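Colleague:
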Amino acid sequence: KAGVTQTPRYLIKTRGQQVTLSCSPISGHRSVSWYQQTPGQGLQFLFEYFSETQRNKGNFPGRFSGRQFSNSRSEMNVSTLELGDSALYLCASSSPAGGLQETQYFGPGTRLLVL
Amino acid sequence: AQKVTQAQTEISVVEKEDVTLDCVYETRDTTYYLFWYKQPPSGELVFLIRRNSFDEQNEISGRYSWNFQKSTSSFNFTITASQVVDSAVYFCALNQRTSGSRLTFGEGTQLTVNP
């Protein structure tokens, strides 16, 4: 089975721009979660989508949003980029119902640099 | 509230030495899962093990072993006869019933195995 894939792998943007990151889960997985990793804050949960609905949300401003499509693929959008949004964004998928007791499998991440 | 603490920021050993990575967690839930992930320089988080709160059996997988002790809220990870390929950042994570799929990560331990 193919693993979780994320595109693009690297991205450079300037302050004020917006960005969209994409994640394709493992085949059959219906839950997709997003995490932000920075040297200062570590790994932090952004949100989780299941069956096209946001099921769980972390403590991030409204500039961070996401969605999930009927094929379980997910996108994450960050509007009005700030320097502090520079990070590694990791996507994880789990099966079949997500939630507790389901192991999350991570993709390679998207490295975003905001200049 | 949930919290995971990995007090060891960096560990450096010589190949073939045994090394133990510490993890202490806090949760008010009686149902929860604990995980260990490995993050090599490429960035992807690689799943290593999952343990539920009702199963305190220690586990061994090849050179890896895990010691789960609810009495001390610890879930330590030991690598026996370390190898250079074990060099990575290791994360301990907690998933509790009241948080859905959200993983709470520790700060990570950078393990360097020198030849």
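First to last, the protein sequences are chains L and B. When we follow the numbering used here, the leftmost residue of the first sequence carries the number 1, and every step to the right adds one. When we follow the numbering used here, the leftmost residue of the second sequence carries the number 1001, and every step to the right adds one. A virtual CB, placed ideally from N, CA and C, is assigned to each residue, including glycine. In this text the structure is predicted, and so the values were computed from the model without any measurement.
1. Would you grab the beta carbon distance between Pro-8 (chain L) and Ser-93 (chain L) for me? Rounded to a whole angstrom, and I think it's under 8 Å.
2. Tell me, please, which residues DSSP counts as bridged to Cys-1023 (chain B).
3. Within a Cβ cutoff of 6 Å, which residues of the same chain sit near Phe-1077 (chain B), ignoring the five residues on either side of it in sequence?
4. Run the CB neighbour count on Leu-83 (chain L), radius 10 Å, all protein chains shown included, and call it buried at 16 or more, exposed below.
5. Drop a sphere of 10 angstroms on the beta-carbon of Asn-1095 (chain B), count the other beta-carbons inside from all chains shown, and report buried for 16 or more, exposed for fewer.
6. How big is the Cα-Cα spacing for Gly-1100 (chain B) and Thr-1030 (chain B)?
7. Could you pull the start and end residues of the beta strand (DSSP E) that Lys-1003 (chain B) belongs to?
8. Using CA coordinates, which residue listed in L:Ser-33, L:Arg-63, L:Gly-42, L:Val-114 is at the minimum distance from Asn-56 (chain L)?
9. Which chain A residues are close to Phe-106 (chain L), counting only those with a beta carbon under 7 Å from its beta carbon?
10. Less than 9 Å between the C-beta atoms of Leu-88 (chain L) and Thr-14 (chain L), yes or no?
11. Would you list, in chain order, the members of the region 68–92 of chain L that have their beta-carbon closer than 8 Å to a beta-carbon of chain B?
12. Can you give me the start and stop residues for the beta strand (DSSP E) that Arg-13 (chain L) sits inside?
13. Name, please, each residue of chain L whose Cβ falls closer than 7 Å to the Cβ of Leu-1103 (chain B).
14. Determine the DSSP secondary structure at Ser-1099 (chain B), reduced to helix, strand or coil.
15. Give a yes or no on whether the minimum CB-CB distance between Val-65 (chain L) and chain B is below 9 Å.
16. Under three-state DSSP, which class holds Lys-1016 (chain B)?
17. For Glu-1056 (chain B), I'd like the list of residues in its chain whose CB is within less than 8 Å of its CB, leaving aside the five on either flank, ordered along the chain.
18. Specify the secondary structure class of Thr-53 (chain L) as computed by DSSP and reduced to three states.
19. Would you say Glu-52 (chain L) lies against chain B (beta-carbon separation less than 9 Å)?
20. Under 9 Å, Cβ to Cβ, is there at least one residue of chain B near Gly-28 (chain L)?
Modeller: Checking against the coordinates, here is how it stands:
1. In the first sequence, residue 8 (chain L) corresponds to position 8, counting from 1. In the first sequence, residue 93 (chain L) corresponds to position 93, counting from 1. Rounded, the Cβ-Cβ distance is 18 Å, inconsistent with contact.
2. Walking along the second sequence from the start, residue 1023 (chain B) turns up at place 23. In DSSP, Cys-1023 (chain B) forms no bridge with anything.
3. In the second sequence, the residue the question calls residue 1077 (chain B) occupies position 77. Only Leu-1021, Trp-1036, Trp-1066 meet the Cβ criterion.
4. Sequence index remark: in the first sequence, residue 83 (chain L) carries index 83 (1-based). Classification for Leu-83 (chain L): exposed.
5. Taking the first residue of the second sequence as 1, we reach residue 1095 (chain B) at position 95. Its Cβ being crowded by 16 or more others within 10 Å, Asn-1095 (chain B) is buried.
6. The residue you call residue 1100 (chain B) lines up with position 100 of the second sequence. The residue you call residue 1030 (chain B) lines up with position 30 of the second sequence. Taking the Cα positions, Gly-1100 (chain B) is about 14 Å away from Thr-1030 (chain B).
7. For the purposes of this step, residue 1003 (chain B) is taken as the residue at position 3 of the second sequence. 1003–1005 is the span of the beta strand (DSSP E), which, as asked, contains Lys-1003 (chain B).
8. Taking the first residue of the first sequence as 1, we reach residue 56 (chain L) at position 56. Checked all of L:Ser-33, L:Arg-63, L:Gly-42, L:Val-114; the closest Cα to Asn-56 (chain L) is L:Ser-33.
9. Looking at the structure shown, chain A is missing, and the protein chains on hand are L and B.
10. Locating residue 88 (chain L) in the first sequence gives position 88, where the first residue counts as 1. Locating residue 14 (chain L) in the first sequence gives position 14, where the first residue counts as 1. No, the Cβ-Cβ distance between Leu-88 (chain L) and Thr-14 (chain L) is not below 9 Å.
11. Leu-88, Leu-90, Ala-92
12. Taking the first residue of the first sequence as 1, we reach residue 13 (chain L) at position 13. According to the sequence as given, residue 13 (chain L) is Lys; it is not Arg. Where Lys-13 (chain L) is concerned, the enclosing beta strand (DSSP E) stretches over 10–13.
13. Position 103 of the second sequence, counting from 1, holds the residue named residue 1103 (chain B). Taking a Cβ-Cβ cut-off of 7 Å, the neighbours of Leu-1103 (chain B) in chain L comprise Phe-45, Gln-104, given in sequence order.
14. Within the second sequence, residue 1099 (chain B) is the residue found at index 99, counting from 1. Of the three classes helix, strand and coil, the one that applies to Ser-1099 (chain B) here is helix, per DSSP.
15. To locate residue 65 (chain L), count along the first sequence from 1; it is residue 65. Inspection of the sequence shows that residue 65 (chain L) is occupied by Ser rather than by Val. So, not an interface residue.
16. Walking along the second sequence from the start, residue 1016 (chain B) turns up at place 16. Coil, per DSSP.
17. Stepping through the second sequence from its first residue, residue 1056 (chain B) is reached at position 56. Cβ neighbours of Glu-1056 (chain B) within its own chain (closer than 8 Å, five residues either side excluded): Phe-1068, Gln-1069, Lys-1070.
18. Along the first sequence, read from residue 1 onward, the residue named residue 53 (chain L) stands at position 53. Reduced to three states, the DSSP call for Thr-53 (chain L) is strand.
19. For the purposes of this step, residue 52 (chain L) is taken as the residue at position 52 of the first sequence. With 9 Å as the cut-off, Glu-52 (chain L) does not count as an interface residue toward chain B.
20. If you number the first sequence from 1, residue 28 (chain L) lands on position 28. Closer than 9 Å: no.
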